[in-house]
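Chains as they are written, first to last, in my numbering: chain A, 241 to 728; chain G, 2 to 72.
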């Protein structure tokens, strides 16, 4: 029954993705950014869905299982403030410049903004390297879902493969429009099913008050943040959502908007959407801690699925598992598409064809890269063991630390290519250093102070940008006029 | 005025006075309920930004048809 419902759900996703192909205009720009024609509702749903992913449901509930309600303040409410504010200050400006100068990747923008091929190539390498762990989150979560709901009958690698194949089909045929449509459907699905899961589980356990009394009796430490989340950690976590300013997949989603004013809906409703997804996720995590104590870290990532299996068997379990499945694919599709877009435009088109590719060649190249990236991600998912949440944090931290680069590009006329290169290199070196130092340590902070590595990287990145820029010759007047006149 | 809401929210994010408060209010732990209301407050500030401080100058009129690739 569960597998039948999951299969039906996947078939429906494919129908939506393939239906979008009817509007396909056969151009590279339509494949990569839907010819910049999406409306406000699809923009909100696809941006939110792309950003939430399996991290918000499985990763957050797993972290709530370990550290309690503090995870809501760490990631949810900080995102509710920082992400829409970043859309307001950064997203709208990048959309405007992207529309004016027909950009489809971040690297195109940064390369022209600072007139530097070297910077473009460096950013390409860093962005792709940081995005790969994030891609793996969706895939690993898909495998966990299938394995869990079938009681281990279907191995995780089969789940990973199924996700790859489904995403491949609708991205290959539908491009960005197919991805945005599927994301919209899936976002509505997991918002509803997160709340439905909480309702069913709590109802079966005797109501919310009874459930909370049980948690208070068994794990009272999970109902407070004292002893679980340090104040410095809470403050420095505010830096992590800045990563949306540098996510390649969010950049191309921003470009899909038909008008700047369509961002109004996304900016306004984003905090509410966050609360709708994270409240059930965190509550289910702490409920699971009282229900299934003593799980190892890797198993903690599937506590929602364990609750579903125990309290919502049969058809409902299939529907709820489909909701979890939707979060897994929501970001994977956009990330794979953005990587394909970057390989096509920033490497093949820029270096191989010097901007002389035909529409057909560009389309073919994009689809080939999407296929190759999915294959590589699938292979990597088989050998990756780190917990979903930790993978996400390292990826987010790297992107967040690059935030000064986009801020300088948009708001600081005096910034130079040398400053930008210094900033990116600083992030790369520090990220590798922290990653190696942390190893598999849970809750790593800088020298045990409670300070998240992202805060140090962000500060160093900003300092490198300022010092590098002030020590070098200011950019030409023509470049300043080109990038600041339209938005000043 | 609308922009002033952002630093205010940054300061209010640290709910230090609720760190060891394990009370259940409206079915939720006190610390979590606070952050749910924080999300609602963030929506309010975003509404102020969108309605009172919207960057109209960024608008680029949509093309009637696909204009093709950048040169």
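Don't be surprised by glycine CBs; every beta carbon is placed ideally from N, CA and C.
Residues, ordered as in the chain, of the stretch 435-449 of chain A that lie near chain G by beta-carbon distance below 7 Å
From the stretch 435-449 of chain A, only 448 and 449 have a Cβ closer than 7 Å to chain G.
Only counting runs of 3 or more residues, tell me where the beta strand (DSSP E) segments fall wholly within the stretch 522-564 of chain A, in order along the chain.
Taking 3 residues as the shortest admissible run, the stretch 522-564 of chain A contains no complete beta strand (DSSP E) segment at all.
Start and end residues, alpha helix (DSSP H) containing residue 453 of chain A:
Along the first chain, read from residue 1 onward, the residue named residue 453 of chain A stands at position 213. Taken as a continuous stretch (DSSP letters only), the alpha helix (DSSP H) holding residue 453 of chain A covers 448-458.
What are the boundary residues of the alpha helix (DSSP H) that residue 247 of chain A is part of?
Mapped onto the first chain, residue 247 of chain A falls at position 7. Counting along the chain, the alpha helix (DSSP H) containing residue 247 of chain A begins and ends at 242-259.
Per the DSSP calculation, residue 497 of chain A is bridged to which residue(s)?
Counted from its first residue, the first chain places residue 497 of chain A at position 257. Beta-bridge analysis with DSSP links residue 497 of chain A to A/278.
Indicate whether residue 649 of chain A and residue 655 of chain A have their beta-carbon atoms separated by less than 8 Å.
Start at 1 with the first residue of the first chain, and residue 649 of chain A comes out as number 409. Start at 1 with the first residue of the first chain, and residue 655 of chain A comes out as number 415. Yes.
Just verifying my parser: in three-state terms, what is the DSSP assignment at residue 693 of chain A?
Within the first chain, residue 693 of chain A is the residue found at index 453, counting from 1. Three-state DSSP puts residue 693 of chain A in a helix.
At 7 Å on the CB atoms, spell out the chain A contacts of residue 59 of chain G, in chain order.
Residue mapping note: residue 59 of chain G aligns to position 58 of the second chain, counting from 1. Residues of chain A passing the Cβ test: 332, 333, 336, 500 and 727.
Cβ-based neighbour list, residue 251 of chain A, same chain, cut-off 8 Å, excluding 5 preceding and 5 following:
If you number the first chain from 1, residue 251 of chain A lands on position 11. Excluding positions up to five away in sequence, the list is empty.
Against chain A, which members of the stretch 6-27 of chain G pass a CB distance test of less than 8 Å?
Residues 7, 10, 11, 14, 15, 16, 17, 19, 20, 21, 22, 23 and 25.
Between the alpha carbons of residue 699 of chain A and residue 561 of chain A, how many angstroms are there, rounded?
Translated into the one-based positions of the first chain, residue 699 of chain A becomes position 459. Translated into the one-based positions of the first chain, residue 561 of chain A becomes position 321. If I take the Cα positions, the gap works out to 41 Å.
Cβ atoms of residue 544 of chain A and residue 390 of chain A: under 8 Å apart, would you say?
Counted from its first residue, the first chain places residue 390 of chain A at position 150. Counted from its first residue, the first chain places residue 544 of chain A at position 304. Taking 8 Å as the Cβ cut-off, residue 390 of chain A and residue 544 of chain A do not qualify as a contacting pair.
So is residue 681 of chain A buried or exposed if we call it buried at 16+ other beta carbons inside 10 Å?
Here residue 681 of chain A corresponds to residue number 441 of the first chain, with the count starting at 1. That one is exposed.
Alpha-carbon to alpha-carbon, residue 442 of chain A and residue 448 of chain A
Counting from one through the first chain, the residue named residue 448 of chain A turns up at place 208. Counting from one through the first chain, the residue named residue 442 of chain A turns up at place 202. Looking at the backbone, the Cα of residue 448 of chain A and that of residue 442 of chain A are separated by about 6 Å.
Going by the CB atoms, is the gap between residue 371 of chain A and residue 620 of chain A shorter than 8 Å?
Locating residue 620 of chain A in the first chain gives position 380, where the first residue counts as 1. Locating residue 371 of chain A in the first chain gives position 131, where the first residue counts as 1. Their beta carbons are not under 8 Å apart, which means residue 620 of chain A does not touch residue 371 of chain A by this criterion.
Under 8 Å between the Cβ atoms of residue 353 of chain A and residue 723 of chain A?
Residue 353 of chain A sits at position 113 when you count from the first residue of the first chain. Residue 723 of chain A sits at position 483 when you count from the first residue of the first chain. For residue 353 of chain A and residue 723 of chain A, yes; Cβs fall inside 8 Å.
Euclidean distance between Cα positions of residue 516 of chain A and residue 431 of chain A
Position 276 of the first chain, counted from the first residue, corresponds to residue 516 of chain A. Position 191 of the first chain, counted from the first residue, corresponds to residue 431 of chain A. Spanning the alpha carbons of residue 516 of chain A and residue 431 of chain A requires a straight line of approximately 7 Å.
Of all the options A/320, A/355 and A/269, which has the alpha carbon lying nearest to the alpha carbon of residue 717 of chain A?
Your numbering for residue 717 of chain A matches position 477 in the first chain. When only C-alpha atoms are compared, the closest one is A/355.
Rounded straight-line distance, which links the Cα of residue 587 of chain A to that of residue 605 of chain A
On the first chain, residue 605 of chain A is found 365 positions in, with the first residue counted as 1. On the first chain, residue 587 of chain A is found 347 positions in, with the first residue counted as 1. So the two alpha carbons sit approximately 11 Å from each other.
Would you list, in sequence order, the uninterrupted alpha helix (DSSP H) runs of no fewer than 4 residues that lie entirely inside the stretch 601-680 of chain A?
Counting only runs of at least 4 residues, the stretch 601-680 of chain A fully encloses the following alpha helix (DSSP H) elements, listed from N- to C-terminal order: 628-641, 643-651 and 657-678.
Nearest candidate by alpha-carbon position, reference residue 463 of chain A, set A/305, A/695, A/684 and A/610:
In the first chain, residue 463 of chain A corresponds to position 223, counting from 1. Of the candidates A/305, A/695, A/684 and A/610, the one whose C-alpha sits nearest the C-alpha of residue 463 of chain A is A/305.
Can you pull the chain G neighbours of residue 514 of chain A, defined as C-beta to C-beta under 7 Å?
Residue mapping note: residue 514 of chain A aligns to position 274 of the first chain, counting from 1. Correct list: 40.
Could you tell me the boundaries of the alpha helix (DSSP H) in which residue 298 of chain A lies?
Position 58 of the first chain holds residue 298 of chain A. Looking at the DSSP string, residue 298 of chain A is not in any alpha helix (DSSP H), and its letter there is neither H nor E.
Just the Cα atoms here: how many angstroms apart are residue 666 of chain A and residue 347 of chain A?
Here the question's residue 666 of chain A lines up with position 426 in the first chain. Here the question's residue 347 of chain A lines up with position 107 in the first chain. Straight-line Cα distance between these residues: approximately 18 Å.
Interface residues of chain G around residue 504 of chain A at Cβ under 8 Å?
Numbered from its first residue, the first chain carries residue 504 of chain A at position 264. Here the neighbours are 51 and 55.
Would you say residue 3 of chain G lies against chain A (beta-carbon separation less than 8 Å)?
Here residue 3 of chain G refers to the residue found at position 2 of the second chain. Output row for residue 3 of chain G: interface = no.
Validate contact between the stretch 384-398 of chain A and the stretch 519-536 of chain A using beta carbons, cut 8 Å, 3 pairs:
Counting C-beta pairs with one atom in each stretch, the stretch 384-398 of chain A and the stretch 519-536 of chain A have fewer than three that are closer than 8 Å, which means they do not touch.
Option nearest residue 429 of chain A by Cα separation, candidates A/286, A/584 and A/271
Your numbering for residue 429 of chain A matches position 189 in the first chain. Answer by Cα proximity: A/286.
At a Cβ cut of 7 Å, what residues of the stretch 308-322 of chain A count as close to chain G, listed as they run along the chain?
Those residues of the stretch 308-322 of chain A that come within reach of chain G (Cβ to Cβ, closer than 7 Å) are 309, 312, 313, 316, 317, 318, 320 and 321.
Whole angstroms are fine: how far does the CA of residue 415 of chain A sit from the CA of residue 261 of chain A?
Mapped onto the first chain, residue 261 of chain A falls at position 21. Mapped onto the first chain, residue 415 of chain A falls at position 175. If you take the alpha carbons of residue 261 of chain A and residue 415 of chain A, they lie about 8 Å apart.
Residue 309 of chain A, DSSP secondary structure in three states:
The residue labelled residue 309 of chain A in the question sits at position 69 within the first chain. Of the three classes helix, strand and coil, the one that applies to residue 309 of chain A here is coil, per DSSP.
Go to residue 597 of chain A, then tell me how far its alpha helix (DSSP H) extends in each direction, as first and last residue.
To locate residue 597 of chain A, count along the first chain from 1; it is residue 357. Segment: none, residue 597 of chain A is in no alpha helix (DSSP H) and carries neither H nor E.
Specify the secondary structure class of residue 512 of chain A as computed by DSSP and reduced to three states.
If you number the first chain from 1, residue 512 of chain A lands on position 272. In the three-state DSSP reduction, residue 512 of chain A falls in the helix class (H, G or I).
Do we get a CB-CB distance below 8 Å when we pair residue 324 of chain A with the residues of chain G?
Counted from its first residue, the first chain places residue 324 of chain A at position 84. Residue 324 of chain A counts as touching chain G.
In chain order, what residues of the same chain have a beta carbon less than 6 Å from the beta carbon of residue 565 of chain A, not counting five sequence neighbours either side?
Residue numbering aside, residue 565 of chain A sits at position 325 when the first chain is read from its first letter. The beta carbon of residue 565 of chain A sits closer than 6 Å to the beta carbons of 385 from its chain, once the five residues preceding and following it are set aside; these are given in chain order.
Which runs of the beta strand (DSSP E) spanning at least 3 residues fall entirely within the stretch 395-424 of chain A, listed in chain order?
Entirely contained in the stretch 395-424 of chain A, not one beta strand (DSSP E) run reaches 3 residues.
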